[in-house]
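Peer 1: Sharing a structure, written as structure tokens. Questions coming.
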Amino acid sequence: MPIIAPSLLAANFLQLQQECDMLNASEADWFHLDVMDGRFVPNISFGPMLIEFFRKATSKFCDVHLMIEEPGNYAELFKKSGADMLTVHLEACPHLHRNIQQIKSLGMQCGVALNPHTPVDLLKDILADIDMVCLMSVNPGFGGQSFIPYTLNKIKQLRAMIDEHALKVKIEIDGGVTLANAATILAAGADVLVAGNTVFKSPDPIKTIAALKAL
Ligand code: DX5
Ligand code: ZN
Numbered sequence: 010m011p012i013i014a015p016s017l018l019a020a021n022f023l024q025l026q027q028e029c030d031m032l033n034a035s036e037a038d039w040f041h042l043d044v045m046d047g048r049f050v051p052n053i054s055f056g057p058m059l060i061e062f063f064r065k066a067t068s069k070f071c072d073v074h075l076m077i078e079e080p081g082n083y084a085e086l087f088k089k090s091g092a093d094m095l096t097v098h099l100e101a102c103p104h105l106h107r108n109i110q111q112i113k114s115l116g117m118q119c120g121v122a123l124n125p126h127t128p129v130d131l132l133k134d135i136l137a138d139i140d141m142v143c144l145m146s147v148n149p150g151f152g153g154q155s156f157i158p159y160t161l162n163k164i165k166q167l168r169a170m171i172d173e174h175a176l177k178v179k180i181e182i183d184g185g186v187t188l189a190n191a192a193t194i195l196a197a198g199a200d201v202l203v204a205g206n207t208v209f210k211s212p213d214p215i216k217t218i219a220a221l222k223a224l
């Protein structure tokens, strides 16, 4: 069964308590929390302060996606705010190995995210050190964009790399996941589906989450 990680970026921020209550009552596995700094990506979202509130509002796993430069300067802060996993972008980390070790030594799981143009081969040497790869299937920065089809090839390539070494690394797909394409994404080898607009703009989010979970 896939792990379903609704992205709160698409939530109604004037009703965050209700949105959290809805997710808590649903089959959603994780809260996917998108942090943007206006430098690594051309948008600004929220930071550790809000994650602290989400932490108090749920006992579900908090999957924090850092779309920020110099994530190492903030890893401790995100640990304190309650993140269970920190995902950093390979493109933002010239010393990725150091960032991974830091996140793990703080007691969090560690993910590495790749922009659509970044080949999965670049992860070869550090794959065994991480818990998850987040393949961006849109250009990071905004919700509601369309899934980039060649991501499916990247999923297949990465699945083969992971299986070749019998690793437990999860593959997360982030961006443009819908009820129409989710089955194909899972068939290619994904484990975790992030869904923002598909969940929060749906007339019945709980039912939509259940439909994704049942795939
Ligand atoms: C995009 C974010 C995504 C976003 C996905 O930069 O990383 O998590 O919220 O939104 P949808 O599912 O609407 O494409
Ligand atoms: Zn994300």
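Each residue of the sequence shown is one higher than the one before, counting from 10 in my numbering. Quick reminder that beta carbons are idealized off the backbone N, C-alpha and C, glycines included. The structure presented is a predicted model; accordingly, all values stated were derived computationally and were not measured.
1. By the 10 Å Cβ neighbour count, where 16 or more other Cβ atoms means buried, how is residue 167 classified, buried or exposed?
2. Starting from residue 119, trace the beta strand (DSSP E) both ways and give me its first and last residue.
3. If you run the structure through DSSP and keep just helix, strand and coil, what is residue 10?
4. Within 6 Å: the Cβ of residue 18 and any heavy atom of the ligand DX5?
5. Going by the CB atoms, is the gap between residue 182 and residue 146 shorter than 7 Å?
6. Using a Cβ-Cβ cut-off of 8 Å (strictly less than) and excluding sequence neighbours within five positions of residue 94, which residues of its own chain qualify?
7. Is residue 98 near the ligand ZN, going by C-beta to nearest heavy atom under 6 Å?
8. What are the boundary residues of the beta strand (DSSP E) that residue 204 is part of?
9. Please list, following the chain, all residues that have a C-beta closer than 5 Å to any non-hydrogen atom of the ligand ZN.
10. Since residue 201 contacts residue 215 with CB under 8 Å, what's their CB separation in whole angstroms?
11. Using 6 Å as the cut-off, classify the Cβ of residue 149 as near or not near the heavy atoms of the ligand DX5, replying yes or no.
12. Of all the options 174, 198 and 204, which has the alpha carbon lying nearest to the alpha carbon of residue 43?
13. Can you round the beta-carbon distance between residue 122 and residue 96 to whole angstroms, since I take them to be within the 8 Å contact cut?
Peer 2: Let me lay it out:
1. Position 158 of the sequence shown, counted from the start, is the residue given in the question as residue 167. Classification of residue 167: buried, given that the 10 Å Cβ count is 16 or more.
2. On the sequence shown, residue 119 is found 110 positions in, with the first residue counted as 1. Unbroken beta strand (DSSP E) run through residue 119: 118-123.
3. Mapped onto the sequence shown, residue 10 falls at position 1. Residue 10: coil per DSSP, three-state reduction.
4. Against the sequence shown, residue 18 aligns to sequence position 9. Yes, the Cβ of residue 18 comes within 6 Å of a heavy atom of the ligand DX5.
5. Along the sequence shown, read from residue 1 onward, the residue named residue 146 stands at position 137. Along the sequence shown, read from residue 1 onward, the residue named residue 182 stands at position 173. Going by C-beta atoms, residue 146 is nearer than 7 Å to residue 182.
6. In the sequence shown, the residue the question calls residue 94 occupies position 85. Result list for residue 94: 70, 71, 72, 73, 117, 118, 119, 120, 140 and 141, in chain order.
7. Along the sequence shown, one-based indexing puts residue 98 at 89. Not under cutoff, so the answer is no.
8. As a position in the sequence shown, residue 204 is number 195, starting the count at 1. In this chain, the beta strand (DSSP E) harbouring residue 204 covers 201-204.
9. Going down the chain, each residue whose beta-carbon is closer than 5 Å to a heavy atom of the ligand ZN shows up: 43, 74 and 183.
10. Against the sequence shown, residue 201 aligns to sequence position 192. Against the sequence shown, residue 215 aligns to sequence position 206. For a cut-off of 8 Å, the C-beta gap from residue 201 to residue 215 is around 19 Å, too long to register as a contact.
11. Within the sequence shown, the letter at position 140 stands for residue 149. Checking the Cβ of residue 149 against the ligand DX5 gives yes.
12. The residue labelled residue 43 in the question sits at position 34 within the sequence shown. Of the listed residues, the one whose Cα sits closest to residue 43 is 204.
13. Position 113 of the sequence shown, counting from 1, holds the residue named residue 122. Position 87 of the sequence shown, counting from 1, holds the residue named residue 96. Confirmed, about 5 Å.
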